[in-house]
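Trainee: Residues in the sequence shown are numbered from 374 upward in steps of one, following my numbering.
Sharing a structure, written as structure tokens. Questions coming.
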Amino acid sequence: MRSTVSSSVQSRAALVLAAVFCLAVMILVAVATRVPAATGPVIDIGAPVTTEQCSPCHAQIADSQTPGLRFRHAAHIVVACATCHVRMPHGPEGTERPLMQSCFGCHGQYHAEVAGTVARDGCDVCHTDPSALRPDGHTAQWELAPHAEEARREGTNTCVMCHAAPVDCDTCHRELVPEVARINPVYLPLLPAPEPRPELSIDLGAPVSAGQCLYCHRDIDRFVAEGRIIFVHQVHLERDYQCASCHPSTPHTPTGTRVNTMADCYRCHSLNHAGQGLVATEECIACHTPAFDLKPVAHTPAFEARDHGGAVAEDEAYCTLCHKSPFCVACHRAQRPLADGSPPRWIVPEDHTDAVWLSQHGPRFLDRAGTCWACHDSPSCERCHQTPMPHPGEWLRSHAAYEPPDGMESDCSVCHKDREWCQDCHHEQVQRLDLVEANCVPCHDEMSQKPATSIRHKAFAEHAVHFEVAESKGRPYRCYECHATWAIRPDNGHAAGGAQIGHDLRLCYDCHGALDIRSTLIAPYRGAELCARCHTKGPSARDGSAAPEDASPAGIGGPR
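Here it is in structure tokens:
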């Protein structure tokens, strides 16, 4: 019998060890999944040119757009990029095109394995008008001494890319008999060896930094749309703005350069910060030149008078960049004729005429489901609300000290129907705190009810019954000990009440009725015994007296 018991204990201990190991693996995997992966393609400016270096921006490498030049990348697809592009073509001096020496590394070159030339060398292969190929510097005087000086200095190899020696040279040299070295009859292929690029890696998915831009854009303010925008990068850098504030990722994309919108600018311009005041002006002339027409072409008289409603509903924030409440009110309250000449008339949304509108408008305002701002300002709200509405900029810091007038204690609940809004700030601060009564009851007074098993709210009961666990465990529980195990976020529907569904008993049985690594009972009440702590029927109530027919907490089958 003792051997059987010992074997059983060992077996259970082994299962516990296996469970602990699996749990550790699950946690490690969960942590690993939170480690950010590479953010995007990385371009190394100093590395040899490859398709991987180009494809992030050039999804389709087009044919040459240079007038007079025929060139197709598709025809050269088997040639390594670095054969022609001996270094990254983009640099401070602009886009660098391969020199003709690179072309002549193949064109006109005889190769035994192909039993002929690698590629044709006729001028018309690449140039649409060979007669226009004569360089501007090759004047009548060039044919005399100037070309000889360059030939002595640079050599004659580049000359025979175009000139057929000795035929072209003998035209003059036979008669003049100059003292010149032997001229090679054919071009000797020599690839150019330019200065290498610096070692600079650009992560296209990472936030933009000045170091990524200044290599190519030495004068970063030269790339501003002239005639439309007054913008100086230097002014923003001097105020310690980070590049990533406006450029979260590189603006260069396969479809072109991504230009910031006015909405990006308005994150600072017109912003009244509670601690700093006005961050940046919203005056149009601060950013737009006087000659620039600020009115969009689509803003026709018909659009202004009737058709703009759809645009407002689609992107209300865009409209507010230019238009404030007084601008809208003048037309909506029949204070001026409409843009198309129509007579002025009051414009009231249809849903405002419903009897339930007053009791339902708060959540819609918070969800930005309408354009309340167009007609309503703070005084119009305060005719009903005693609380300052809309809330002033410093409200988040000061609202805790606000005491509503007598009879207006429910003023907040007109808009804030549940605690979800409060959770965004308040519950974030307690997610890592101990699960004890002092940390929960100040906001959830229902959790002070004794015994905790009598609390009718399922989620409150689940937490409150563990308030005193420190007496046996030695320390209280913390949120992540249960929630991280089963991938249940601590803030998932917490303040909104959560879904009132059945308990996840897997979570309960991790402790209740289970043994730890030393074969010690972690927590009492296993199986049905645990359920009976709260769920009772008939004469089997916890205190021995008759219990209601169904005393189950809300969401388990009974009323709340």
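Built from N, CA and C at the ideal position, the CB exists for glycine as well.
The structure presented is a predicted model; accordingly, all values stated were derived computationally and were not measured.
Across the region 545–564 and the region 576–592, are there enough close Cβ pairs to call them in contact, namely three or more that are closer than 8 Å?
Mentor: no
Trainee: Helix, strand or coil for residue 480? Go by DSSP, reduced to three states.
Mentor: Numbered from its first residue, the sequence shown carries residue 480 at position 107. Reduced to three states, the DSSP call for residue 480 is strand.
Trainee: Under a Cβ-count criterion, where at least 16 other Cβ atoms within 10 Å of its own Cβ denotes burial, should residue 867 be classed as buried or exposed?
Mentor: The residue you call residue 867 lines up with position 494 of the sequence shown. For residue 867, the predicted model reports a pLDDT of 43, less than 50, meaning its position is unreliable and no value from the coordinates is stated.
Trainee: Which of the three DSSP states is assigned to residue 409 in this structure?
Mentor: Within the sequence shown, the letter at position 36 stands for residue 409. Any reading at residue 409 must be qualified, since the residue scores a pLDDT of 41, below 50, and its modelled position is unreliable; the value itself is stated next. If DSSP states are grouped into helix, strand and coil, residue 409 belongs with coil.
Trainee: Are the beta-carbon atoms of residue 440 and residue 457 separated by less than 8 Å?
Mentor: Residue numbering aside, residue 440 sits at position 67 when the sequence shown is read from its first letter. Residue numbering aside, residue 457 sits at position 84 when the sequence shown is read from its first letter. No, Cβ-Cβ distance for residue 440 and residue 457 is not below 8 Å.
Trainee: What alpha helix (DSSP H) runs, 4 residues minimum, are completely inside the region 490–546?
Mentor: 496–499 and 518–527
Trainee: Return the CA-CA distance between residue 692 and residue 644, expressed in angstroms with no decimal places.
Mentor: Within the sequence shown, residue 692 is the residue found at index 319, counting from 1. Within the sequence shown, residue 644 is the residue found at index 271, counting from 1. So the alpha carbons of these two residues sit roughly 16 Å apart.
Trainee: At which residue ranges does the region 678–710 contain complete alpha helix (DSSP H) runs of 4 or more residues, listed in the order of the chain?
Mentor: Counting only runs of 4 or more, we get 681–687, 689–693 and 698–705.
Trainee: Can you tell me whether residue 622 is helix, strand or coil according to DSSP?
Mentor: As a first step, residue 622 must be located in the sequence shown, where it is residue number 249. Reduced to three states, the DSSP call for residue 622 is coil.
Trainee: Between which two residues does the beta strand (DSSP E) harbouring residue 415 extend?
Mentor: Against the sequence shown, residue 415 aligns to sequence position 42. Note, residue 415: beta strand (DSSP E), 415–417.
Trainee: Taking residue 576 as part of the beta strand (DSSP E), name the residues at either end of that continuous run.
Mentor: Your numbering for residue 576 matches position 203 in the sequence shown. Segment 574–576, the beta strand (DSSP E) holding residue 576.
Trainee: Could you tell me if residue 467 is buried or exposed, where buried requires 16 or more neighbouring beta carbons within 10 angstroms of its beta carbon?
Mentor: Numbered from its first residue, the sequence shown carries residue 467 at position 94. Exposed, since its Cβ has fewer than 16 Cβ neighbours within 10 Å.
Trainee: Which one of 774, 521, 716 and 602 has the shortest CA to CA distance from residue 658?
Mentor: In the sequence shown, counting from the first residue as 1, residue 658 sits at position 285. Of the candidates 774, 521, 716 and 602, the one whose C-alpha sits nearest the C-alpha of residue 658 is 602.
Trainee: Quick check: what's the CA-CA separation for residue 580 versus residue 827?
Mentor: Against the sequence shown, residue 580 aligns to sequence position 207. Against the sequence shown, residue 827 aligns to sequence position 454. Rounded to whole angstroms, residue 580 to residue 827 spans 53 Å at the Cα level.
Trainee: Quick one: residues in its chain with C-beta nearer than 8 Å to the C-beta of residue 561, no 5 flanking neighbours on either side, listed in chain order?
Mentor: Along the sequence shown, one-based indexing puts residue 561 at 188. Cβ within range, chain order: 530.
Trainee: Could you give the residue range of the alpha helix (DSSP H) that holds residue 737?
Mentor: If you number the sequence shown from 1, residue 737 lands on position 364. From DSSP, the alpha helix (DSSP H) with residue 737 extends over 730–739.
Trainee: Let me check understanding here. Comparing Cα to Cα, which of 587, 851 and 838 lies closest to residue 904?
Mentor: The residue labelled residue 904 in the question sits at position 531 within the sequence shown. Selected option, being the one with the closest Cα: 838.
Trainee: For residue 635, does the count of other Cβ atoms within 10 angstroms reach 16, so buried, or fall short, so exposed?
Mentor: Here residue 635 is taken as the residue at index 262 of the sequence shown, counted from 1. Exposed is the call here.
Trainee: Classify residue 443 as helix, strand or coil using the three-state DSSP reduction.
Mentor: Residue 443 sits at position 70 when you count from the first residue of the sequence shown. In this structure, residue 443 counts as coil in the three-state DSSP scheme.
Trainee: Based on DSSP bridge pairs, tell me the residues matched to residue 629.
Mentor: Counted from its first residue, the sequence shown places residue 629 at position 256. The partner list for residue 629 (beta bridge, DSSP) reads 626.
Trainee: Out of 895, 890 and 464, which one is the CA nearest neighbour of residue 881?
Mentor: Position 508 of the sequence shown, counting from 1, holds the residue named residue 881. Nearest of 895, 890 and 464 to residue 881, Cα basis: 895.
Trainee: Which first and last residues belong to the alpha helix (DSSP H) in which residue 894 is found?
Mentor: Start at 1 with the first residue of the sequence shown, and residue 894 comes out as number 521. First-last for residue 894: undefined, no H or E at that position.
Trainee: Please say whether residue 538 and residue 556 have beta carbons closer to each other than 8 Å?
Mentor: Here the question's residue 556 lines up with position 183 in the sequence shown. Here the question's residue 538 lines up with position 165 in the sequence shown. Remark: C-beta atoms of residue 556 and residue 538 approach each other more closely than 8 Å.
Trainee: Would you kindly work out how many angstroms separate the C-alpha atoms of residue 850 and residue 784, rounded to a whole number?
Mentor: As a position in the sequence shown, residue 850 is number 477, starting the count at 1. As a position in the sequence shown, residue 784 is number 411, starting the count at 1. For residue 850 and residue 784, the gap between their C-alpha atoms comes out near 36 Å.
Trainee: Would residue 705 and residue 720 be called neighbours here (beta carbons separated by less than 8 Å)?
Mentor: The residue given as residue 705 occupies position 332 in the sequence shown. The residue given as residue 720 occupies position 347 in the sequence shown. It is a contact, given that the beta carbons lie within the stated cut-off.
Trainee: So, using beta-carbon positions, are residue 454 and residue 423 closer together than 8 Å?
Mentor: As a position in the sequence shown, residue 454 is number 81, starting the count at 1. As a position in the sequence shown, residue 423 is number 50, starting the count at 1. Going by C-beta atoms, residue 454 is nearer than 8 Å to residue 423.
Trainee: Near residue 820, what residues of its chain come up, given a Cβ to Cβ distance below 6 Å and the 5 sequence neighbours on each side ignored?
Mentor: Translated into the one-based positions of the sequence shown, residue 820 becomes position 447. Around residue 820: 813, 814, 833 and 837.
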